[in-house]
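The structure appears right after this line, and notes come after that.
Structure, rendered in structure tokens:
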């Protein structure tokens, strides 16, 4: 049973593939492997799936306000592909991603994570300066561990973002992958 941040970190720590991915990206500035990378592992475990659910990509984020070219992200993706070619890498500098939703600039990767659409996705994992596994979950872990999809406070408070949240709920079809989850339709 998963009940705490410590439980989630131990779950990740025991997964050799996840730890390899986390170690590979450790050279980026203010970086996190986030969103579905952690959520999928937790939900698969809570559903007692014998096999991992495949992911369309591995979301790697970092924050570098001095080099915001999308080309640099593509170069990082290429470097990661050279190291581990069978991983579907997606690298995004959060110093430029606020523009997509017309938001004020983010202050850090963690600030950006807090503004992801869903609480169960608004989390990331990395190795800290001491090489220890670290989890950020600015919206808490309750929804993730209780198999609940809800909007983050940022999305809940900003009515202009409600359509984005609802579109994601329609496109992701998470309920078909993880039947025990509940989805807040934000209607």
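Numbering (this note's numbering), first residue to last: 7 to 193.
A virtual CB, placed ideally from N, CA and C, is assigned to each residue, including glycine.
Exercise. Answer with buried or exposed for residue 48, where buried requires no fewer than 16 other C-beta atoms within 10 angstroms of its C-beta.
Key: Taking the chain shown and counting its residues from 1, one reaches residue 48 at position 42. Counting Cβ neighbours within 10 Å, residue 48 comes out buried, since at least 16 surround it.
Quiz item: In terms of alpha-carbon separation, which member of 77, 35, 17 and 72 lies closest to residue 50?
Solution: The residue you call residue 50 lines up with position 44 of the chain shown. The residue with the shortest Cα to Cα distance from residue 50 is 17.
Practice problem: Please confirm whether residue 41 and residue 133 have their CB atoms less than 7 angstroms apart. | Solution: To locate residue 41, count along the chain shown from 1; it is residue 35. To locate residue 133, count along the chain shown from 1; it is residue 127. In this structure, residue 133 does not lie closer than 7 angstroms to residue 41 by Cβ.
Exercise. State whether the segment 112-125 contacts the segment 8-22, with contact taken as three or more CB pairs (one from each stretch) at a distance under 8 angstroms.
Key: no
Quiz prompt | Which of helix, strand or coil DSSP assigns to residue 31 | solution = As a working mapping, residue 31 is identified with position 25 in the chain shown. Residue 31: coil per DSSP, three-state reduction.
Practice problem: Could you tell me if residue 103 is buried or exposed, where buried requires 16 or more neighbouring beta carbons within 10 angstroms of its beta carbon? | Solution: For this step, residue 103 is matched to residue 97 along the chain shown. Buried.
Quiz prompt | Proximity winner among 90, 163 and 107, relative to residue 23 (alpha-carbon distances) | solution = In the chain shown, counting from the first residue as 1, residue 23 sits at position 17. That would be 90, whose Cα lies nearest to the Cα of residue 23.
Practice problem: Could you please give the first and the last residue of the uninterrupted beta strand (DSSP E) stretch that includes residue 95? | Solution: For the purposes of this step, residue 95 is taken as the residue at position 89 of the chain shown. Start and end: 95-99.
Quiz item: For residue 145, does the count of other Cβ atoms within 10 angstroms reach 16, so buried, or fall short, so exposed?
Solution: Position 139 of the chain shown, counted from the first residue, corresponds to residue 145. Looking at its Cβ environment, which holds 16 or more other Cβ atoms inside 10 Å, residue 145 is buried.
Self-check item: Nearest residue (CA-CA) to residue 189, options 138, 126 and 135
Solution: For this step, residue 189 is matched to residue 183 along the chain shown. Checked all of 138, 126 and 135; the closest Cα to residue 189 is 126.
Quiz prompt | Alpha carbon of residue 152 to alpha carbon of residue 161, nearest angstrom | solution = Here the question's residue 152 lines up with position 146 in the chain shown. Here the question's residue 161 lines up with position 155 in the chain shown. Near 20 angstroms, if we compare the C-alpha coordinates of residue 161 and residue 152.
Quiz prompt | Residue ranges of each alpha helix (DSSP H) within the segment 112-179, 4 or longer | solution = 115-120, 148-151, 159-163 and 168-178
Quiz item: Cα separation between residue 124 and residue 164?
Solution: Residue 124 sits at position 118 when you count from the first residue of the chain shown. Residue 164 sits at position 158 when you count from the first residue of the chain shown. Going from the Cα of residue 124 to the Cα of residue 164 covers about 13 angstroms.
Quiz prompt | In chain order, each beta strand (DSSP E) run of at least 3 residues that lies wholly inside the segment 45-99 | solution = 64-68 and 95-99
Quiz item: How would you call residue 148, buried or exposed, if buried means at least 16 neighbouring beta carbons within 10 angstroms?
Solution: For the purposes of this step, residue 148 is identified with residue 142 of the chain shown, where counting begins at 1. Classification for residue 148: exposed.
Self-check item: Inter-residue Cα distance where the pair is residue 82 and residue 12
Solution: One-based indexing of the chain shown puts residue 82 at position 76. One-based indexing of the chain shown puts residue 12 at position 6. Each residue's alpha carbon lies about 30 angstroms from the other.
Quiz prompt | Residue-chain proximity (residue 99, chain C), Cβ-Cβ < 7 angstroms | solution = In the structure shown, chain C cannot be found, because there is only a single protein chain.
Practice problem: Could you tell me which residues DSSP pairs with residue 39 in its beta bridges? | Solution: Residue 39 sits at position 33 when you count from the first residue of the chain shown. Paired residue(s): 66 and 131.
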